[in-house]
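Engineer: Numbering (this note's numbering), first residue to last: 52 to 223.
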């Protein structure tokens, strides 16, 4: 069976991905002892909150055609599938960032592990949105999904700048 998703469904999942990203960054900040890194992770969590709000506004401003169902799905199975994917594949809510670091350490290796993990999750979100973009008809908000992708690419740029800074500082 083939599904076409509307922009409203995609934005709802984008909000959930951002919520999961915020939770990841907050857990990672609690897991690491380095104050500078804690602060950076908290800032990233705050960015996720801001992006969730942005996606909620974009969703609210969708025209009626962006909210129209594209298939008969009275039980909302397509949305449930997307929700499950967001919770288990992008920012996996079951993963504990504390497992990535030594909580008693402030090593550059720990910082790089967390940042590298975060970059991978942000890339996963971009892949998710690119795939979903192909399932959204042009008239139902495809260009809005491009805005989500641009936001996620911004996250990667921020994380990569931090990675470069840590590597330069540590001589890696």
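From the three backbone atoms N, C-alpha and C, an ideal C-beta is built for every residue, glycine too. As the structure is a prediction and not an experimental result, all values here were calculated from the model.
Out of 221, 213, 222 and 218, which one is the CA nearest neighbour of residue 88?
Structural biologist: Taking the first residue of the chain shown as 1, we reach residue 88 at position 37. Checking every option, the nearest Cα to that of residue 88 belongs to 213.
Engineer: Look up residue 197 in the DSSP assignment and say whether it is helix, strand or coil.
Structural biologist: Taking the chain shown and counting its residues from 1, one reaches residue 197 at position 146. It is helical.
Engineer: Exposed or buried, residue 162, counting other C-beta atoms within 10 Å across all chains shown (16 or more means buried)?
Structural biologist: For the purposes of this step, residue 162 is identified with residue 111 of the chain shown, where counting begins at 1. Classification of residue 162: buried, given that the 10 Å Cβ count is 16 or more.
Engineer: Taking the continuous alpha helix (DSSP H) assigned at residue 71, which residues delimit it?
Structural biologist: Mapped onto the chain shown, residue 71 falls at position 20. Its alpha helix (DSSP H) spans residues 58 to 82.
Engineer: Return the CA-CA distance between residue 209 and residue 198, expressed in angstroms with no decimal places.
Structural biologist: Translated into positions along the chain shown, residue 209 becomes position 158. Translated into positions along the chain shown, residue 198 becomes position 147. Each residue's alpha carbon lies about 17 Å from the other.
Engineer: Quick one: give me the first and last residue of the alpha helix (DSSP H) that residue 223 is part of.
Structural biologist: By one-based count along the chain shown, residue 223 stands at place 172. Here residue 223 belongs to no alpha helix (DSSP H), and DSSP marks it neither H nor E.
Engineer: For residue 175, report the span of its alpha helix (DSSP H) as first-last.
Structural biologist: Taking the chain shown and counting its residues from 1, one reaches residue 175 at position 124. Counting along the chain, the alpha helix (DSSP H) containing residue 175 begins and ends at 159 to 184.
Engineer: Can you tell which of 160, 57 and 175 has its C-alpha closest to the C-alpha of residue 221?
Structural biologist: For this step, residue 221 is matched to residue 170 along the chain shown. Measuring from the Cα of residue 221, the nearest candidate turns out to be 160.
Engineer: Leaving out the 5 sequence neighbours to the left and right, which residues in its chain are closer than 7 Å to residue 91 when beta-carbon positions are compared?
Structural biologist: Counted from its first residue, the chain shown places residue 91 at position 40. If we look at residue 91 and ignore the five residues flanking it on each side, its Cβ neighbours are 213.
Engineer: For residue 52, count neighbouring Cβ atoms within 10 angstroms of its own Cβ and tell me buried if that reaches 16, exposed if not.
Structural biologist: Locating residue 52 in the chain shown gives position 1, where the first residue counts as 1. Confidence at residue 52 is low in this model, with a pLDDT of 44, below 50, so the placement of that residue should be treated as unreliable; the coordinate-derived value is given next. Counting Cβ neighbours within 10 Å, residue 52 comes out exposed, since fewer than 16 surround it.
Engineer: Please identify the residue among 152, 67, 58 and 59 whose C-alpha is closest to the C-alpha of residue 100.
Structural biologist: The residue given as residue 100 occupies position 49 in the chain shown. Out of 152, 67, 58 and 59, 67 has the C-alpha closest to the C-alpha of residue 100.
Engineer: Note down, in chain order, each residue of its chain lying with its Cβ closer than 6 Å to the Cβ of residue 102, except the 5 sequence neighbours on either side.
Structural biologist: As a first step, residue 102 must be located in the chain shown, where it is residue number 51. Closer than 6 Å at Cβ, skipping near neighbours: 69 and 202.
Engineer: Classify residue 181 as buried or exposed, calling it buried when 16 or more other Cβ atoms lie within 10 Å of its own Cβ.
Structural biologist: Walking along the chain shown from the start, residue 181 turns up at place 130. So residue 181 ends up on the exposed side.
Engineer: Excluding five sequence neighbours on each side, which residues of the same chain lie with their C-beta closer than 8 Å to the C-beta of residue 200?
Structural biologist: As a first step, residue 200 is located in the chain shown; it is residue number 149 there, counting from the start. Only 177, 180, 181 and 184 meet the Cβ criterion.
Engineer: Which first and last residues belong to the alpha helix (DSSP H) in which residue 150 is found?
Structural biologist: As a first step, residue 150 must be located in the chain shown, where it is residue number 99. Counting along the chain, residue 150 falls outside any alpha helix (DSSP H), and DSSP gives it neither H nor E.
Engineer: Looking at residue 152: is its Cβ nearer than 8 Å to the Cβ of residue 83?
Structural biologist: For the purposes of this step, residue 152 is identified with residue 101 of the chain shown, where counting begins at 1. For the purposes of this step, residue 83 is identified with residue 32 of the chain shown, where counting begins at 1. A contact, by the Cβ cut-off of 8 Å.
Engineer: Grouping DSSP H, G and I as helix and E and B as strand, with all else coil, what is residue 113?
Structural biologist: Here residue 113 refers to the residue found at position 62 of the chain shown. In the structure shown, residue 113 sits in coil (DSSP, three-state: anything other than H, G, I, E or B).
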